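Chains as they are written, first to last, in my numbering: chain A, 427 to 665; chain B, 9 to 489. All residues carry an ideal CB built from backbone N, CA and C; glycine is no exception. As the structure is a prediction and not an experimental result, all values here were calculated from the model.
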């Protein structure tokens with residue numbers, strides 16, 4: 427592989443930034459570090475980055491403002507790294523066009539997985555399902571809202587989903603009518619390949635069916651395609 | 009004794025019920041009662057005045073009758089025929105060596121002085137004068153009575169002048185005046201004392217009503233003026249939300265305005281303190297989580313898998329404790345809005361988390377049931393309850409029950425339960441069932457405190473009770489429409 431993925435890591439805390447950069451380099455990435463927004467801007471001018479990791483709380487210009495700059499001027503995807511877990515901030519971050527959001531302390535493996543998911547999506551030229559692509563999707567009486575990552579039924583009642591379930595459903599809904607096999611689904615949702623006898627996808631699917639199908643044993647929405655994988659049936663409207 | 013006490017308590021309750029609860033009501037009642045008391049004292053004094061006026065009138069009549077009788081007697085030539093008879097007709101005076109006012113009677117010095125003065129003015133001298141008031145006339149005096157004739161009462165110029173054409177009022181008693189002449193002989197006469205109060209009561213009643221109208225109507229208005237701003241202040245204090253930027257309008261009398269001003273200043277201070285706290289908590293969260301995140305990244309360099317997993321678990325434990333502390337401190341100020349959430353899916357999501365970690369948690373999906381909740385918070389509360397169940401028992405069993413307008417989510421475990429007298433203490437922060445502070449048992453010690461705070465924030469509660477078959481049942485109660 428000749429091209430190394432190039433990451434811009436912006437965080438004012440050297441104690442986190444440096445070990446994280448080391449870890450990412452060990453994982454085979456090329457990493458540039460910036461301790462504040464102005465350094466980040468000059469680096470953005472000097473290099474071509476594949477992805478930006480941004481801390482929200484920084485002295486001076488904060489991560490949100492820098493994110494707006496990055497998403498307005500470039501196509502570089504952004505992952506927020508923040509110590510805050512308040513719901514509103516996640517929404518603000520996603521509305522500003524960030525592709526994902528991870529809270530401190532996070533598992534570096536999880537971060538790498540998310541980086542992969544986003545890069546895979548960018549490679550395919552897909553839309554940003556978490557970000558600016560709008561409100562979400564409507565299918566079979568359900569509404570999947572991307573701003574709050576919520577699933578709402580025909581009566582307007584929220585149905586609780588785990589992060590994994592949400593991502594799985596989003597992958598299926600945004601590719602409605604297409605058959606996705608387990609590898610593809612894992613790749614899209616977790617950025618990893620399936621192990622042998624990997625039941626993770628089937629597990630998520632059966633949990634999703636329990637929540638959205640009127641009869642989970644005879645699914646009408648998430649169909650199993652024999653020998654292939656899964657497919658979302660029915661019409662999907664983009665919001 | 010007991011019954012008497014009970015009766016007393018009963019009457020006390022009755023008094024409490026009559027006692028108005030509002031400021032204006034109490035003010036009105038007190039003023040009305042005081043006015044009534046003042047009127048009572050007033051009328052008592054007036055009554056007393058009228059009584060003594062009646063006495064004076066009667067004694068004046070008696071004095072003049074004595075003077076007149078003695079005058080006639082002096083002018084009659086001794087031995088003249090019919091002299092004794094005339095004297096009787098004119099005066100009905102009683103002559104005797106003994107005074108009609110005996111020593112045992114209650115003498116009235118004031119009347120005696122008045123009579124003495126009157127006799128002196130008429131040029132009659134007596135060596136002693138006695139006066140008394142009695143309710144019952146003795147038999148020997150009943151023949152020497154004046155004023156008993158109703159016609160006489162009516163023709164009395166005093167009564168005429170008062171325009172009173174009615175029947176004379178009741179006889180209240182008698183004044184007896186007795187005077188000793190120079191020869192030691194006593195002259196005595198009794199005079200009727202009339203009751204003259206009905207007119208007075210009418211006047212008093214009219215006065216009282218007039219005063220009530222004049223006083224109470226402005227008082228009611230004044231009371232309203234005072235109590236309305238107090239009411240709005242009370243409502244504001246009840247519904248106080250830190251960050252209410254709008255001050256309560258200063259209205260009412262100066263004292264109340266001062267109070268409202270002080271309240272506004274205080275709520276401003278409280279709000280800014282809470283804002284400070286939020287900023288501080290945010291800073292703590294940030295400042296602790298960043299080094300924690302750095303540690304978490306460095307842990308990946310640890311070669312030993314078991315050691316690494318233990319370190320990761322330790323970091324996650326600290327993170328969860330931090331989460332609990334920050335959520336507890338921020339509760340009620342959450343930016344998250346309440347949405348209707350399908351409780352089944354909420355429980356399933358949490359149950360799946362535990363199942364994925366290898367814990368035994370059972371839940372059988374039932375009918376759809378939604379509740380208006382802040383999902384992340386309730387999720388946290390439920391997670392804490394299930395976490396406790398797994399910590400102290402081996403497995404957790406979750407069931408949902410609907411009762412009236414309450415939704416109850418039961419989390420049952422098969423652990424040892426909690427001694428009944430310790431149940432309340434379980435909600436104390438940082439207290440664990442095993443009383444150990446050993447971190448190896450996991451949990452922050454804030455779990456139940458936070459779960460209850462979250463439940464109460466939603467208008468519900470957490471109830472702990474020992475199950476009959478052993479183990480503990482923790483119930484999360486949530487209100488539903």
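Whole-Å CB distance - residue i paired with residue j, under 8 Å assumed
i	j	result
residue 31 (chain B)	residue 354 (chain B)	Contact flag wrong, Cβ pair sits at about 48 Å.
residue 453 (chain A)	residue 469 (chain A)	Going by Cβ atoms, the distance from residue 453 (chain A) to residue 469 (chain A) rounds to 20 Å, so no, they are not a contact pair.
residue 404 (chain B)	residue 394 (chain B)	5 Å
residue 187 (chain B)	residue 74 (chain B)	6 Å
residue 562 (chain A)	residue 665 (chain A)	5 Å
residue 505 (chain A)	residue 525 (chain A)	6 Å
residue 122 (chain B)	residue 67 (chain B)	7 Å
residue 486 (chain B)	residue 379 (chain B)	5 Å
residue 107 (chain B)	residue 196 (chain B)	7 Å
residue 421 (chain B)	residue 472 (chain B)	11 Å between Cβ atoms; not a contact.
residue 492 (chain B)	residue 155 (chain B)	Past the boundaries of the shown model lies residue 492 (chain B); chain B is included only from 9 to 489, so the question cannot be answered.
residue 431 (chain A)	residue 543 (chain A)	Residue 431 (chain A) to residue 543 (chain A), Cβ: 13 Å. No contact.
Within-8 Å CB hit, residue i to chain A
i	result
residue 323 (chain B)	yes
residue 308 (chain B)	yes
residue 354 (chain B)	yes
residue 419 (chain B)	no
residue 298 (chain B)	yes
residue 370 (chain B)	no
residue 466 (chain B)	no
residue 348 (chain B)	yes
residue 374 (chain B)	no
residue 357 (chain B)	yes
residue 476 (chain B)	no
residue 293 (chain B)	yes
residue 360 (chain B)	yes
Exposure label - residue i; buried when at least 16 CB within 10 Å
i	result
residue 531 (chain A)	buried
residue 442 (chain A)	buried
residue 466 (chain B)	buried
residue 218 (chain B)	exposed
residue 193 (chain B)	exposed
residue 567 (chain A)	exposed
residue 152 (chain B)	buried
residue 481 (chain A)	buried
residue 41 (chain B)	exposed
residue 247 (chain B)	exposed
residue 277 (chain B)	exposed
residue 476 (chain A)	buried
Per-residue DSSP class, three states only, for residue i
i	result
residue 434 (chain A)	strand
residue 68 (chain B)	helix
residue 12 (chain B)	Low confidence applies to residue 12 (chain B): its pLDDT is 46, below 50, so where it sits in the model is not reliable, and the reading given next is rough at best. Helix at residue 12 (chain B).
residue 104 (chain B)	strand
residue 430 (chain B)	helix
residue 130 (chain B)	coil
residue 489 (chain B)	coil
residue 74 (chain B)	helix
Residue i, enclosing alpha helix (DSSP H) - first and last residue
i	result
residue 333 (chain B)	313-338
residue 286 (chain B)	262-307
residue 358 (chain B)	351-364
residue 462 (chain B)	455-465
Any C-beta of chain B under 8 Å from that of residue i
i	result
residue 611 (chain A)	no
residue 584 (chain A)	yes
residue 449 (chain A)	yes
residue 661 (chain A)	no
residue 637 (chain A)	yes
residue 480 (chain A)	no
residue 625 (chain A)	no
residue 487 (chain A)	no
residue 506 (chain A)	no
residue 509 (chain A)	yes
residue 536 (chain A)	no
residue 549 (chain A)	no
residue 531 (chain A)	yes
Enclosing beta strand (DSSP E) for residue i [first to last residue]
i	result
residue 394 (chain B)	Counting along the chain, residue 394 (chain B) falls outside any beta strand (DSSP E), though it belongs to the alpha helix (DSSP H) covering 383-400.
residue 196 (chain B)	194-202
residue 508 (chain A)	504-508
residue 592 (chain A)	Here residue 592 (chain A) belongs to no beta strand (DSSP E); instead the alpha helix (DSSP H) covers 589-600.
residue 480 (chain A)	477-481
residue 640 (chain A)	Segment: none, residue 640 (chain A) is in no beta strand (DSSP E) and carries neither H nor E.
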